[in-house]
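Peer 1: Line by line, the protein sequences are chains A and B. The opening residue of the first sequence carries number 1 in my numbering; numbering runs sequentially from there. The opening residue of the second sequence carries number 1001 in my numbering; numbering runs sequentially from there. Note that the Cβ used here is the ideal one computed from N, Cα and C, for glycine as well.
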Amino acid sequence: GQQLNQSPQSMFIQEGEDVSMNCTSSSIFNTWLWYKQDPGEGPVLLIALYKAGELTSNGRLTAQFGITRKDSFLNISASIPSDVGIYFCAGQIGDNRKLIWGLGTSLAVNP
Amino acid sequence: DGGITQSPKYLFRKEGQNVTLSCEQNLNHDAMYWYRQDPGQGLRLIYYSQIVNDFQKGDIAEGYSVSREKKESFPLTVTSAQKNPTAFYLCASRATSGLSGANVLTFGAGSRLTVL
């Protein structure tokens, strides 16, 4: 089946550093979603992207829908301890109502 | 506040017992989903339902069953046929209008099932 390659798998950074993670696929997507999951909780939507080239911000978070429609990245600026968690990308291909999920990027922030 | 409620949050069961996880939403969403999450494996789709009285198998449906008798409710039964049921289970819902925002899933807080 279709797959999303999400990288890096994990990151350990110092508070205040910027973070970048991305998802790539061999398939063309028409929607990219970025979620954050805190330990023991359900994922929460951070940013939704619907057009190739779209760049969207949500506070310190910025995400872009790649021009080729096969990739997306998420940047976090000036990280803080509450950024800790697992970040997932998810995408939709065509009219398929099932989202395809990356395996997540686990972020740890050292105060 | 609108949202999705999953219960129980934690559940312990003996091997061989069926268990049912509850999922209720008051978002007026048409579609509902059940995912299983294991460490390092991301989210895997068990079952989904686009409309009342209809549901489809996801990628890992074996050993699970669902029903969708009401728009608000989508319970998941983990049967004794599921070989490795210990996991974190997530329920989600989605509006199915034509708006682009309709692709977004809203998740519940999850239910952690441990089989002893």
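(1) Excluding the 5 residues flanking A:K71 on each side, which residues of the same chain have their C-beta closer than 8 Å to its C-beta?
(2) Would you say B:L1105 and B:L1021 are within 8 Å of each other, going by their C-beta atoms?
(3) When the Cα atoms are used, what is the spatial distance from A:Q37 to B:Y1089?
(4) So which residues of chain B does A:T105 contact, with C-beta pairs closer than 8 Å?
(5) Going by CA-CA distance only, name the one from A:Y50, A:E15, A:D83, A:N5 that's closest to A:G59.
(6) Which same chain residues end up closer than 8 Å to A:A108 when comparing Cβ atoms and leaving out the 5 residues on each side of it in sequence?
(7) Tell me whether A:N75 sits in a helix, a strand or coil according to DSSP, three-state version.
(8) Any beta carbon from chain B within less than 8 Å of A:F88's own beta carbon?
(9) Starting from the C-beta of A:P81, find all residues in its chain whose C-beta is less than 8 Å away, skip the five residues before and the five after it, and write them out in chain order.
(10) Which first and last residues belong to the beta strand (DSSP E) in which B:R1044 is found?
Peer 2: The answer reads as follows:
(1) As written in the sequence, residue 71 of chain A is Asp, which differs from the Lys given in the question. So the qualifying residues of the chain are N22, C23, T24, S25.
(2) no
(3) 13 Å
(4) In chain order: nothing, as chain B lies at least about 11 Å away.
(5) A:D83
(6) S10, M11, F12, I13, V84, listed in sequence order.
(7) strand
(8) At least one CB of chain B lies nearer than 8 Å to the CB of A:F88.
(9) E15, V109, P111
(10) 1043 to 1051
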